[in-house]
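To start, the structure under review is shown below, and the notes come after it.
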Amino acid sequence: MGSHKAILVAVAAAVASFSACSGSDAAREERLADLRSERRSLLVQFSAAQLPIRRLQAQALDEPGVRSAQEVFYVEFRAAVLREDPDAIELLERARAVGHDLDFMQSPVLLSPEQEDPRPVAPNQPAEVVRELAEVERALRPVIGRALQDPAVWEAFDALRDSIIASILRIDPESERAMNLMADIEGQVARIDAEIASLSQ
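Numbering of the sequence shown is given in the numbering used here, commencing with residue 302 and proceeding in unit increments.
Below, the structure is given as structure tokens:
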């Protein structure tokens with residue numbers, strides 16, 4: 302990307318900039334780096350705990366009660382998206398057309414806007430489908446965040462989540478341990494995000 306001299310100049314500038322920082326600024330940057338590292342570690346733990354739950358969730362989504370709750374949620378959610386951004390409806394329909402299972406909406410606290418990689422999708426998906434899911438998810442995420450603030454959407458979302466959890470526990474009562482771990486990690490990530498936001502102001 303440039304000569305060795307240019308690299309040395311850049312390094313020297315970075316060192317000078319760091320030296321000019323106050324001790325409190327340096328401590329803040331170090332704390333932010335530690336928090337982001339801890340957050341990444343927690344996301345890895347969450348993904349590991351989520352793997353067996355994802356398989357059970359796929360089974361739960363086939364149950365009539367869950368399908369009914371999912372349809373109620375989607376009707377409310379689609380209406381909220383239409384109010385927020387009518388142009389996003391086309392993206393939402395694309396998501397459904399390529400088989401998005403709405404999983405990316407079920408733990409919104411865990412994904413930050415700068416995260417590039419989507420959550421794992423169903424195994425054996427063609428590469429072009431994976432890319433399209435990632436593209437649609439990134440485009441929809443801001444609209445989703447606003448739509449989920451609608452009380453009617455949130456109520457339907459809670460009902461859907463409760464229905465899925467109840468079905469998963471019926472299928473495999475032992476899954477409660479993994480779900481409790483996921484909930485605990487969500488709480489830890491939320492606290493880290495709050496501290497990162499405070500330090501970044």
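Cβ atoms here follow ideal geometry from the backbone N, Cα and C, with glycine treated the same way. Just so you know, these numbers come straight off a predicted model, no measurement behind them.
Problem - Whether Q351 touches M483 by CB criterion (8 angstroms) - result: One-based indexing of the sequence shown puts residue 351 at position 50. One-based indexing of the sequence shown puts residue 483 at position 182. It is a contact, given that the beta carbons lie within the stated cut-off.
Handout entry: Distance between L336 and D326 (C-alpha atoms, nearest Å)
Key = To locate residue 326, count along the sequence shown from 1; it is residue 25. To locate residue 336, count along the sequence shown from 1; it is residue 35. Each residue's CA atom was taken as its position, placing D326 and L336 some 15 angstroms apart.
Problem - Own chain, CB closer than 6 angstroms to G366, minus 5 neighbours either side, in chain order - result: If you number the sequence shown from 1, residue 366 lands on position 65. Shown here for G366: same chain residues with a beta carbon closer than 6 angstroms to its own, the five before and five after excluded, namely S464 in chain order.
Practice task
Could you spell out where the alpha helix (DSSP H) holding P365 opens and where it closes?
Solution key: If you number the sequence shown from 1, residue 365 lands on position 64. Its alpha helix (DSSP H) spans residues 365-385.
Problem - Straight-line Cα distance separating I497 from D386 - result: For the purposes of this step, residue 386 is identified with residue 85 of the sequence shown, where counting begins at 1. For the purposes of this step, residue 497 is identified with residue 196 of the sequence shown, where counting begins at 1. When only Cα atoms are considered, D386 and I497 end up about 29 angstroms apart.
Handout entry: Contact with chain C by A467, beta-carbon distance below 8 angstroms
Key = Protein chain content of the structure displayed is limited to a single chain, and chain C is not contained in it.
Problem - V345 beta carbon less than 8 angstroms from that of A389 - result: The count along the sequence shown starts at 1 and reaches residue 389 at position 88. The count along the sequence shown starts at 1 and reaches residue 345 at position 44. In this structure, the beta-carbon distance from A389 to V345 does not fall below 8 angstroms.
Exercise for the section: Report the option in Y375, A381, R332 whose CA atom is closest to the CA atom of R397. Expected result: Taking the first residue of the sequence shown as position 1, residue 397 is located at position 96. Comparing alpha-carbon positions, the option among Y375, A381, R332 lying closest to R397 turns out to be Y375.
Practice task
Pull up the CB-CB distance for A460 and V454, whole angstroms please, since I reckon it's below 8 angstroms.
Solution key: As a first step, residue 460 must be located in the sequence shown, where it is residue number 159. As a first step, residue 454 must be located in the sequence shown, where it is residue number 153. Separation of the CB atoms of A460 and V454 is rounded to 11 angstroms, and the pair is thereby denied contact status at 8 angstroms.
Practice task
Assuming I493 contacts L357 (C-beta within less than 8 angstroms), just tell me the rounded distance between them.
Solution key: What you label residue 493 is simply residue 192 of the sequence shown in a count that begins at 1. What you label residue 357 is simply residue 56 of the sequence shown in a count that begins at 1. A Cβ-Cβ separation of about 27 angstroms leaves I493 out of contact with L357 under the 8 angstroms criterion.
Practice task
Give me the Cβ distance between R395 and V437, rounded to the nearest whole Å; I'm assuming they're in contact under 8 angstroms.
Solution key: On the sequence shown, position 94 is the one that residue 395 refers to. On the sequence shown, position 136 is the one that residue 437 refers to. Between R395 and V437 a beta carbon distance of about 5 angstroms is seen, short of the 8 angstroms cut, so the two are scored as contacting.
Practice task
Please go through the same chain and pick out, in chain order, the residues whose beta-carbon is closer than 7 angstroms to the beta-carbon of V381, but skip the five residues on each side of it.
Solution key: Position 80 of the sequence shown holds residue 381. Note that residue 381 is Ala in the sequence shown here, rather than Val. A448, D451, V454.
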